[in-house]
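Trainee: Quick one: structure below, then a few questions.
Protein chains: 2
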Amino acid sequence: MDKKISIVDVANALNISKTTVSFVLNGRGKEKRISDALSNKVMAFIEEVGFKPNPIAKGLRTGKVNNISLVMDNIANPFFADVAKAIEERAYEQGFCVIYSTMKNLVGSKKLIEALRDNHADACIIAAPINVKGEVITALVKDKFPIIMFDHYLNGIDCNYVGIDNKSSAFNATRHLIDMGYKSVALITFANAETQIQDRIDGYNSALKEKKLKSHIKKVIATQNENQIMESLMKFFEKFDMINAVLFGSANLCKIGLKVIKRLGLAIPYDIAIITFDDCEFFEYYNTPITAIAQPVASIADNIFNLLLPVPKYIKNTITQKITLPAHLNIRESSKSLIIPVHRNI
Amino acid sequence: MDKKISIVDVANALNISKTTVSFVLNGRGKEKRISDALSNKVMAFIEEVGFKPNPIAKGLRTGKVNNISLVMDNIANPFFADVAKAIEERAYEQGFCVIYSTMKNLVGSKKLIEALRDNHADACIIAAPINVKGEVITALVKDKFPIIMFDHYLNGIDCNYVGIDNKSSAFNATRHLIDMGYKSVALITFANAETQIQDRIDGYNSALKEKKLKSHIKKVIATQNENQIMESLMKFFEKFDMINAVLFGSANLCKIGLKVIKRLGLAIPYDIAIITFDDCEFFEYYNTPITAIAQPVASIADNIFNLLLPVPKYIKNTITQKITLPAHLNIRESSKSLIIPVHRNI
DNA sequence: CTGAAAGCGCTAACAC
DNA sequence: GTGTTAGCGCTTTCAG
Numbered sequence: 089m090d091k092k093i094s095i096v097d098v099a100n101a102l103n104i105s106k107t108t109v110s111f112v113l114n115g116r117g118k119e120k121r122i123s124d125a126l127s128n129k130v131m132a133f134i135e136e137v138g139f140k141p142n143p144i145a146k147g148l149r150t151g152k153v154n155n156i157s158l159v160m161d162n163i164a165n166p167f168f169a170d171v172a173k174a175i176e177e178r179a180y181e182q183g184f185c186v187i188y189s190t191m192k193n194l195v196g197s198k199k200l201i202e203a204l205r206d207n208h209a210d211a212c213i214i215a216a217p218i219n220v221k222g223e224v225i226t227a228l229v230k231d232k233f234p235i236i237m238f239d240h241y242l243n244g245i246d247c248n249y250v251g252i253d254n255k256s257s258a259f260n261a262t263r264h265l266i267d268m269g270y271k272s273v274a275l276i277t278f279a280n281a282e283t284q285i286q287d288r289i290d291g292y293n294s295a296l297k298e299k300k301l302k303s304h305i306k307k308v309i310a311t312q313n314e315n316q317i318m319e320s321l322m323k324f325f326e327k328f329d330m331i332n333a334v335l336f337g338s339a340n341l342c343k344i345g346l347k348v349i350k351r352l353g354l355a356i357p358y359d360i361a362i363i364t365f366d367d368c369e370f371f372e373y374y375n376t377p378i379t380a381i382a383q384p385v386a387s388i389a390d391n392i393f394n395l396l397l398p399v400p401k402y403i404k405n406t407i408t409q410k411i412t413l414p415a416h417l418n419i420r421e422s423s424k425s426l427i428i429p430v431h432r433n434i
Numbered sequence: 089m090d091k092k093i094s095i096v097d098v099a100n101a102l103n104i105s106k107t108t109v110s111f112v113l114n115g116r117g118k119e120k121r122i123s124d125a126l127s128n129k130v131m132a133f134i135e136e137v138g139f140k141p142n143p144i145a146k147g148l149r150t151g152k153v154n155n156i157s158l159v160m161d162n163i164a165n166p167f168f169a170d171v172a173k174a175i176e177e178r179a180y181e182q183g184f185c186v187i188y189s190t191m192k193n194l195v196g197s198k199k200l201i202e203a204l205r206d207n208h209a210d211a212c213i214i215a216a217p218i219n220v221k222g223e224v225i226t227a228l229v230k231d232k233f234p235i236i237m238f239d240h241y242l243n244g245i246d247c248n249y250v251g252i253d254n255k256s257s258a259f260n261a262t263r264h265l266i267d268m269g270y271k272s273v274a275l276i277t278f279a280n281a282e283t284q285i286q287d288r289i290d291g292y293n294s295a296l297k298e299k300k301l302k303s304h305i306k307k308v309i310a311t312q313n314e315n316q317i318m319e320s321l322m323k324f325f326e327k328f329d330m331i332n333a334v335l336f337g338s339a340n341l342c343k344i345g346l347k348v349i350k351r352l353g354l355a356i357p358y359d360i361a362i363i364t365f366d367d368c369e370f371f372e373y374y375n376t377p378i379t380a381i382a383q384p385v386a387s388i389a390d391n392i393f394n395l396l397l398p399v400p401k402y403i404k405n406t407i408t409q410k411i412t413l414p415a416h417l418n419i420r421e422s423s424k425s426l427i428i429p430v431h432r433n434i
């Protein structure tokens, strides 16, 4: 890379001081009452030679690096990939770069904090992976490091959060299945203490209670491998063979469930109807397209930035907010009404 | 965020100079013949107070920021998401952060170069989006900015590259279809000049030529929307109704193709067999699992890093390498033999 | 073996 | 209105 031109070079070339250049560069010309003529001359010269202030030097000086750290379990999960894309768009609009990281390599506790400080990110957007201890987040909050959680938060942790209304989403989905004629609706979810899981369980339960139906909840161990989970679902379906509809608590769970259903030779939706949390292309294109609860990715990204941007560096916001967005039920064939064929036969 | 401790603080606390601290910090104690006793004392103190050198300051001084820029079209594309994940793992192992960006916002030309310099990434790994002009890459190469392309390169551009052997992959896939009994094999791909596309066409053609079969190539306009592409594929299938197998040139194309096939009421693989480039979960879980040419993600990431790591900053490697990896054909039901049932009937 | 000091490129108080 | 100058925290040359 050729030697880069610095602010001193432009100052010298123009026979002015670098302060002046710095001021016009940062749009403080007016404020500092630098003549328009000079300002324009500087701007023109900068444009001509393609000078760009060195962000590292700027960062060292100002303590702000225009980086946002995005921490997620797994970028290969479609929901996260979509969020990443949306966040990146917003970030670049605002002049931030996105430093992406999972926390696989940072497992444990203090590693995350150190990493964030090391990266010198100005803020952190995080969907805490399962293995992240609450104290890590607490430590960051206590440090007044700007942090925003999404997808789910950790119970008892006072931290900014943007997510969907899990309870009513689960309620609506369960209700939809009941309305379509399915009376034995199961919920298959993970056995973690993450808040969104409990909310989904609550929503599911209250929809059933309203119609005085029985609940069938299967909690899968998140750390098990796919085969173990399949095994366990297989047993569940065999034991409760009256079940004719399932609400899956996550996209991955649903995918495994579909394999199991296929193996059991059940037809969707006639033998078993399906709705899942988290929409993705997969569900839309599946042979029997799967009804899914879509998280409003764009809106999540927008809200995260609304929370982030007003926080000036060093004047840290101490008021945390939890923002809950509505999710959208994309109704597809997998939850088609059992009732319609009956009408047709009449 | 509390005030951070600096190298001067630890030097003062220990009554030594910051030079000494710096040396032991960078593992140059032995070389500088600093006593083990002192070294250990420094290390212990650093550990105790949790001091971490400020990477920004370090970056300003050394010109190296331990960031790698990863540029891809779309993180929401599963293949890219997988690569991103693999690259991130390698990067963090080596102490790099990954700055992720699409180039949506950087469309055009010089923007990318500027952005890279702005980010002060040490290197760039790039799967050039369709709209990226060759001259951008050339400019970076000319600047001796460490850059590695993957997935595809641009014709006539001398640049490091890691990708699969598209020609033989296409050859093998086509050959597999022929061997399975399908004699009218079509290739559906994009109408771009990207190198990997031409290679795939070549491989496809030579497999057909070897068996003296006729080729049917449909080139889709990449900038068309999904409906337009569906329309165009629909016409293609209707016009050439003797086609009983298709090789798709990309995962997205295949997904659209599957929709079309469904709409036409064709059964896979009996009416039409399918193989696609780029494997992903979707194809594995699809009702009729789709045979796919899987790019060796882990190996691609490894090779990218092998190319990247030996390049010391400022001593730029002027020899460019193109590394071609074998892809793996994951054979699934969508290309099941037409011949077996015949044998069974005997 | 260790320390003083220069400087990476930039910002911003403080002169003039 | 504009220039001088002191750092931000670190590395590294050069003297001792």
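Each protein sequence line maps, in turn, to chains A and B.
Heads up, this note's numbering is the position in the first sequence plus 88, with the first residue counted as 1.
Heads up, this note's numbering is the position in the second sequence plus 88, with the first residue counted as 1.
No residue lacks a Cβ here, since even glycine has one placed at the ideal position from N, Cα and C.
As the structure is a computational prediction, the values presented were derived from the model and not from experiment.
With a floor of 4 residues, list each alpha helix (DSSP H) that falls wholly inside the stretch 305-351 of chain A, ordered by position along the chain.
Mentor: Listed in chain order, they are 314-327 and 339-351.
Trainee: So with Cβ pairs under 8 angstroms, would you call valine 130 of chain A a contact of chain B?
Mentor: Answer no: the Cβ-Cβ gap between valine 130 of chain A and chain B never drops below 8 angstroms.
Trainee: As an exercise, report each continuous beta strand (DSSP E) stretch of at least 3 residues that is fully enclosed by the stretch 114-161 of chain A, in chain order.
Mentor: Qualifying beta strand (DSSP E) stretches, in chain order: 155-159.
Trainee: With isoleucine 289 of chain A and leucine 275 of chain A assumed to form a contact (beta carbons below 8 angstroms), what rounded beta-carbon distance in angstroms separates them?
Mentor: Indeed they touch by this definition, with Cβ atoms about 7 angstroms apart.
Trainee: Can you check whether the CB of alanine 174 of chain B is closer than 8 angstroms to the CB of alanine 339 of chain B?
Mentor: No, these two residues do not count as a Cβ contact at 8 angstroms.
Trainee: Are there 16 or more other CB atoms within 10 angstroms of the CB of isoleucine 309 of chain B, so buried, or fewer, so exposed?
Mentor: Isoleucine 309 of chain B should be labelled exposed.
Trainee: Using a Cβ-Cβ cutoff of less than 7 angstroms, which residues in the same chain neighbour lysine 462 of chain A once the five nearest sequence positions on both sides are dropped?
Mentor: Lying before the first or after the last residue shown, residue 462 of chain A is absent from chain A, which here runs from 89 to 434.
Trainee: Measuring alpha carbon to alpha carbon, tell me which of A/His240, A/Ile225, A/Met237 and A/Ala295 ends up nearest alanine 258 of chain A.
Mentor: Among A/His240, A/Ile225, A/Met237 and A/Ala295, the Cα nearest to that of alanine 258 of chain A belongs to A/Ala295.
Trainee: To the nearest angstrom, how far is it from the Cα of cysteine 185 of chain A to the Cα of aspartate 210 of chain B?
Mentor: Each residue's Cα considered, the two are about 15 angstroms apart.
Trainee: On the criterion of 16 or more Cβ atoms from any shown chain inside 10 Å, does threonine 376 of chain A qualify as buried, or is it exposed?
Mentor: So threonine 376 of chain A ends up on the buried side.
Trainee: Which residues in chain A sit within 8 angstroms of aspartate 170 of chain B, going by Cβ to Cβ distance?
Mentor: Those are Ala164, listed as they occur along chain A.
Trainee: Interface residues of chain B around glutamate 135 of chain A at Cβ under 8 angstroms?
Mentor: Per Cβ cutoff of 8 angstroms: no residues; glutamate 135 of chain A is ~12 angstroms from chain B at best.
Trainee: For the candidate residues B/Glu326, B/Asn128, B/Cys342 and B/Asn162, whose alpha-carbon lies nearest to that of leucine 352 of chain B?
Mentor: For the residues B/Glu326, B/Asn128, B/Cys342 and B/Asn162, the minimum Cα distance to leucine 352 of chain B belongs to B/Glu326.
Trainee: What three-state label does DSSP hand lysine 299 of chain A in the structure shown?
Mentor: It is coil, neither helix nor strand.
Trainee: Looking at lysine 69 of chain A: is its Cβ nearer than 8 angstroms to the Cβ of threonine 262 of chain A?
Mentor: Absent from the model: residue 69 of chain A. The displayed extent of chain A is 89 to 434, so no value can be given.
Trainee: Do we get a CB-CB distance below 8 angstroms when we pair cysteine 185 of chain B with the residues of chain A?
Mentor: Interface residue, yes.
Trainee: Quick one: Cα of threonine 107 of chain A to Cα of isoleucine 93 of chain A, how far?
Mentor: So the alpha carbons of these two residues sit roughly 16 angstroms apart.
Trainee: Return the residues of the stretch 136-158 of chain A that lie within a Cβ-Cβ distance of less than 7 angstroms from chain B, sorted by chain order.
Mentor: Of all residues in the stretch 136-158 of chain A, Lys140, Pro143, Ile144, Ala145, Gly147, Leu148 and Val153 have a Cβ within less than 7 angstroms of some Cβ in chain B.
Trainee: Here's a check: name, in chain order, each residue in its chain whose Cβ is nearer than 6 angstroms to the Cβ of threonine 408 of chain A, leaving out the five neighbours to either side.
Mentor: Asp246, Cys247 and Asn248, listed in sequence order.
Trainee: How should glycine 183 of chain B be labelled, buried or exposed, when 16 other C-beta atoms within 10 angstroms of its C-beta is the threshold for buried?
Mentor: By the neighbour-count rule (16 or more Cβ atoms within 10 Å), glycine 183 of chain B is not buried but exposed.
Trainee: Cβ of threonine 190 of chain B less than 8 angstroms from any chain A Cβ?
Mentor: For threonine 190 of chain B, the answer is yes, since a Cβ of chain A falls inside 8 angstroms of its Cβ.
Trainee: Quick one: is lysine 173 of chain A near chain B, going by C-beta distance under 8 angstroms?
Mentor: Yes, its Cβ sits closer than 8 angstroms to a Cβ of chain B.
Trainee: Apart from the five residues just before and just after cysteine 342 of chain B, which ones in its own chain have a Cβ nearer than 6 angstroms to its Cβ?
Mentor: Once the five neighbours on either side are set aside, the close Cβ partners of cysteine 342 of chain B are Phe336 and Thr364.
Trainee: Using C-beta distances below 7 angstroms, list every residue in its chain close to leucine 426 of chain A, excluding the 5 sequence neighbours before and after it, in chain order.
Mentor: The residues are Met268, Gly269 and Tyr270.
Trainee: Shortest alpha-carbon distance to asparagine 293 of chain A belongs to which of A/Ala216, A/Lys232 and A/Asn254?
Mentor: Comparing Cα-Cα distances from asparagine 293 of chain A to each of A/Ala216, A/Lys232 and A/Asn254, the minimum goes to A/Asn254.
Trainee: On a CA-only basis, which of A/Arg420, A/Val250, A/Phe233 and A/Asp239 is nearest glutamate 282 of chain A? Give me that one, please.
Mentor: Minimum Cα distance to glutamate 282 of chain A is reached at A/Asp239.
Trainee: Which chain A residues are close to lysine 343 of chain B, counting only those with a beta carbon under 8 angstroms from its beta carbon?
Mentor: In chain order: Glu369 and Tyr373.
Trainee: Can you check which of these residues, B/Glu119, B/Gly115, B/Val273 and B/Leu126, is closest to serine 105 of chain B by C-alpha distance?
Mentor: Considering only alpha carbons, the answer is B/Leu126.
Trainee: List, from N- to C-terminal side, the beta strand (DSSP E) runs of 3 residues or more that fit wholly inside the stretch 160-193 of chain A.
Mentor: The stretch 160-193 of chain A contains these whole beta strand (DSSP E) runs: 185-189.
Trainee: Straight-line CA distance for valine 159 of chain A to aspartate 366 of chain A?
Mentor: Taking the straight line joining both Cα atoms gives about 19 angstroms.
Trainee: Return no unless some Cβ of chain A is closer than 8 angstroms to the Cβ of lysine 347 of chain B.
Mentor: Chain A, which has a Cβ nearer than 8 angstroms to the Cβ of lysine 347 of chain B, makes this yes.
Trainee: Helix, strand or coil for isoleucine 285 of chain A, going by three-state DSSP, please let me know.
Mentor: Isoleucine 285 of chain A falls in the helix class under three-state DSSP.
Trainee: Using the three-state DSSP reduction, which class does threonine 408 of chain B fall into: helix, strand or coil?
Mentor: Residue state, collapsed to three classes: coil.
Trainee: List the DSSP bridge partners of isoleucine 236 of chain A.
Mentor: Isoleucine 236 of chain A pairs with A/Ile213 and A/Asn248.
Trainee: In chain order, what residues of the same chain have a beta carbon less than 8 angstroms from the beta carbon of isoleucine 187 of chain B, not counting five sequence neighbours either side?
Mentor: Contacts found: Asn155, Ile156, Ser157, Leu158, Asn207 and Ala209.
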